[in-house]
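Before any comments, here is the structure.
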Amino acid sequence: MFRRSLKPSLYGVCMVALLLSVLSITGIQANASDTNDDVRTIDEAIADNEGSATIEGYIVGHTVAPSSYNFEPPFGNDYNVALADSSSETDPKRILPVQITSDFRSDYGLQTNPDLIGEKIQITGSLEPYFGVPGLQNPQDIHRENGDGKDPEPIDDLRIHDIQGADHRSPYEGEHVANVEGIVTNIDANGFYMQDPEPDEDIRTSEGIYVYEPDAHVEVGDLVYIDGVIDEYGYDDDLTTTEIEASNIDIESSGNELPEPVLIGKDGYVQPTEQIASEGLTDFDPETYGIDFYESLEGMRIQLDDPEVVGPPAYGEIPVVVDNGVDQRRTPAGGLLINEDNYNPERIFIDAEDVNAKVGDQFDGTIIGVVDYDYSNFKLRPTETLPEVQDGGTEQEVTSINPNEEDLTIASYNVENFSAETDPERTSDLAQSINENLQSPDIIGLVEVQDNNGPVDDGTTDASESYQTLIDAIKTDGGPTYDFTDIAPENNQDGGQPGGNIRVGFLYNPERVSLTDKPDGDATTAVGVDDDGLTLNPGRVDPSNEAFENSRKPLAAEFEFNDEEIVLINNHFNAKSPDDPLFGENQPPELVSEPQRIEQAEAVNDFVGDIMSMDDESNVVVMGDLNDFEFSPPLDILTNDHLTNMVTELPENERYTYIFEGNSQVLDHILVSNHLTENAEADIVNMNADFSEEDGRVSDHDPVLTQISFGETKISLPEAGLSDGSYLHEVTFELSGSDKIEYSLDQGESWKTYKEPVTITQDGETDIWYRPVDGTEEVTKTSVTVTKASIENARELTEGMDAHIGVKVSTDAQLRVADHLLNQGLDRQGYQRLDQLSQKISEYTHEEINEVDQEDLVTMLDDIVEHQR
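So this is what it looks like as structure tokens:
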């Protein structure tokens, strides 16, 4: 059991959340799970050492110095006692020093009453540090719980599966047990795992358990018998881990064969892939619920064959899945997509310190280890050397959107706590990603820009040097010279890393766009809307609204592009880090952070409504890290009236900008005015989330890009085929423009509204007429020619094939092959080019063959076609 490690588990979505969670998990806010609503155990009092509480434990000694205790008389004074959950406890980390004030010293002071050692008492007082460690001071009440001062009679002859039970907590919690048998399977710093050599037939009951004893002297393969107390160890909102707090360990034998690991996946024990848990954890069913599945394996040896990586490494762990014979919702890279009803319960984390991997990679072999639960997730602690990671071929994407003079490109990019103090190499890489992967967008909505000195908490809020650092790096990399606009927040009022003062802002290319001439806003003044557009430029949206307390305020800016005005609203909604974990004790998880995001979305939606009330055809873009999913209530609010989320225009398997604990999800969005949707396209550029820093990520978020057309109606035709000016079999055209478009293929006799690409297959020349539906532009005409090859063409095409290939080909085979080549886009002119490639034929593997069949010939010529293309 990895107790109180420094590796945080998050349900957060940005660096801010990471930092806050680290503080929480390393002790500032971490609470142990209560076993009783009124009385706390000593372990719980140590983990949650604040506030007034009643605790219960055994007097084990007297505190003489921080973490130093005297366990036997004589005792130096009556001023304190040391309590633990077991009367035989000697581990300082499990002992709580308790102040004994003058009112209680005559009855509970150890110098006066040394026979109190072993007594179980209850004390009500103030949980706070004492002797420099978690303790209790100022007791108001002390009384004894059992008069003989001895542990109760232990329960003998229980098997591990009896102790585990078919539930998340042991039916023997708090009980003293004796002679629990098991074979040691893995050892860590605080104890060891053991597994029952005589399993039962109930898949619901685990055969493994953790034994807490830091001073245990055991080896893997030892057959041991354990005496101790059954405890459920964990933190608030997490599941607990069933363990035995050992008071005695007997080693019966050594070198025993370990129990066979349970194979996980389609050829073994199949994980659920749809539901994590029943409501309230009331129905324990490992075949239906993922949380129960892994609970039924707690502490046991399992085997994963060739697990696939579904998220980059974090805190020395890698999320993986195995083939379970069920189709999973996967990204093109191989990640696991979430949806409203499924958060992928099949995931598990592998301890893999110093192992690098990216989404789509795969461990090339078997991993065997022990199932543990730590910081909100089930983990596999490998007990053997990990196999090599096989490269899955995932590459950082470059946007599919092609910039042009007529259309506006806008990106949303969370740059993860960027400042002027950011490492120069990362700054350069970030600039390169903007120029190469995003193709230098006209406007970039940046998220998580810190002030000039980053997290130094000295009152600095200005970020001009941070912006200029990035602008200079972009220019050095060969990109445009951007300008920037933002509004500095009030010091430490917008959340994030203390002293960092993260904010949202804009980079824009002044050669392409310009800010409209309005007064600048400030941190506390709300931007408004009038007949002339925004009253401030830039301006903060409703900054005094409580919805934005300790969170980033939206920034609105009005730009002009090709005589079109467009308002961009950049956002960074509050993080999801306070939410209950997916694999926690609260089921379904409470989304503690969501109400604030709902209020933030309502405020932004109201502001968009103000703009639209002036002109319902206003060009508006809402963008940023909204810290929620495309199907979430905050996004429903934003898309309810005036806006379309461009993310939802993408194929479902491409919808992710962030990977959290192996779940690919959308947190970053670009929404545009409804009337712009038909003339806009979007692209999520997956260049960060799938990768580790070692593999090139420069942020934990992927950017989102959109291109909006404000120009005249245009037609898009594919490049001509190999015959100049004509197409062999068909041609598909696309239309785009600022309005709805209609087209005609019969010289204007009838018109159809353009909705999707149109394919023409008619042989010969076809005229295409198109125009806006509202008739504001004249009709435009173009034409295409489709040339369909006849059998005679094919016969001509194959003439001389013998000479080209050097083999005898039958006439029938010639025709079949020719037809195949025509279907592949090779026309007569293209065939003639084979003369130029005849030397490549001699390099082909079939060069020694005197006669070839149709299949071999097709394969050979396909290869040649690819060369000539």
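For the sequence shown, the positions run -32 to -1, 1 to 837 when mature numbering (1 follows the signal peptide of the UniProt record, and there is no 0) is used. Glycine included, C-beta positions come from ideal geometry on N, C-alpha and C. The structure displayed is predicted, hence computed values, not measured ones.
Check	Outcome
Using the Cα positions of A21 and D170, report the straight-line distance between them to the nearest angstrom.	40 Å
Let me know if V294 comes out buried or exposed under the rule of 16 or more other beta-carbons within 10 Å of its beta-carbon.	exposed
On the three-state DSSP scale, how would you describe S561?	coil
If I follow the unbroken beta strand (DSSP E) through F346, where does it start and stop?	345 to 350
Determine whether the beta carbon atoms of N38 and H30 lie at a separation below 8 Å.	yes
Quick test of the definition: if touching needs 3 or more C-beta pairs under 8 Å, does the region 627 to 645 touch the region 589 to 604?	yes
Is it the case that the region 225 to 235 contacts the region 86 to 106, given that we only count it when at least three CB pairs across the two stretches are under 8 Å?	no
Can you determine whether any heavy atom of the ligand SAH sits closer than 7 Å to the C-beta of N621, and answer yes or no?	The ligand content of the structure shown is nil, which means the ligand SAH is not present either.
Going by CA-CA distance only, name the one from F452, V148, D510 that's closest to E482.	The sequence as given places Ser at residue 482; Glu does not occur at that position. Selected option, being the one with the closest Cα: F452.
Indicate whether M416 and H540 have their beta-carbon atoms separated by less than 8 Å.	One point to set straight first is that residue 416 is Glu, not Met, in the sequence displayed. Against a cut-off of 8 Å, the Cβ pair of H540 and E416 comes out as a contact.
Does the Cβ-Cβ distance between T362 and N292 come in under 8 Å?	no
Whole alpha helix (DSSP H) runs in the region 327 to 405 with 4 or more residues, listed along the chain?	392 to 400
Output needed for S660: all residues of its chain with C-beta closer than 8 Å, excluding positions within five of it in sequence on either side, in chain order.	P280, P281, N324, A325, K326
DSSP three-state call for I566: helix, strand or coil?	helix
Note down, in chain order, each residue of its chain lying with its Cβ closer than 6 Å to the Cβ of V188, except the 5 sequence neighbours on either side.	V152
Whose C-beta lies closer than 6 Å to the C-beta of E662 among residues of the same chain, with five residues either side of it excluded?	N324
Between the region 374 to 388 and the region 401 to 411, can you find at least three pairs of beta-carbon atoms closer than 8 Å?	yes
Ends of the beta strand (DSSP E) at R739?	732 to 740
Going along the chain, which unbroken runs of the alpha helix (DSSP H) with 4 or more residues stay wholly within the region 399 to 473?	432 to 444
Return the residue from the list A52, A134, W737, Y476 that minimises the CA-CA distance to L249.	A134
Going by alpha carbons, who is nearest to D11 out of Y450, P82, G142, D75?	G142
Count the other C-beta atoms from every protein chain shown that fall within 10 angstroms of the C-beta of D547, then say buried if there are 16 or more, exposed otherwise.	buried
Please state the DSSP three-state secondary structure of E166.	coil
Identify every residue that forms a DSSP beta bridge with D636.	D593
For the beta strand (DSSP E) holding Y722, just list the boundary residues, first then last.	Premise fails: Y722 is in no beta strand (DSSP E) and is neither H nor E.
From this set, L536, G258, G267, which residue's C-alpha is nearest Q555's C-alpha?	G258
Return the residue from the list Y76, A515, N647, G150 that minimises the CA-CA distance to G267.	G150
Return helix, strand or coil for I(-5), following the three-state DSSP convention.	Here I(-5) scores only 28 on pLDDT, less than 50, and its place in the model is too uncertain to base an answer on.
By Cβ distance below 8 Å, which residues in the same chain neighbour D531 in space, the five residues on each side in sequence not counted?	none
Report yes if the C-beta distance between S55 and L305 is below 8 Å; otherwise report no.	no
Go ahead and pull the three-state DSSP assignment for K521.	coil
At the level of alpha carbons, what is the spacing between E553 and L207?	5 Å
Specify, as a first and last residue, the run of the alpha helix (DSSP H) that D75 falls within.	73 to 76
According to DSSP, Q90 sits in a beta bridge with which residue or residues?	E24, H111
Which partner residues of R298 appear in the DSSP bridge assignment?	L304
Distance, Cα to Cα, I199 vs Y343?	Reading off the sequence shown, one finds Asp at residue 199, where the question assumed Ile. Using only the alpha carbons, I get a separation of about 17 Å.
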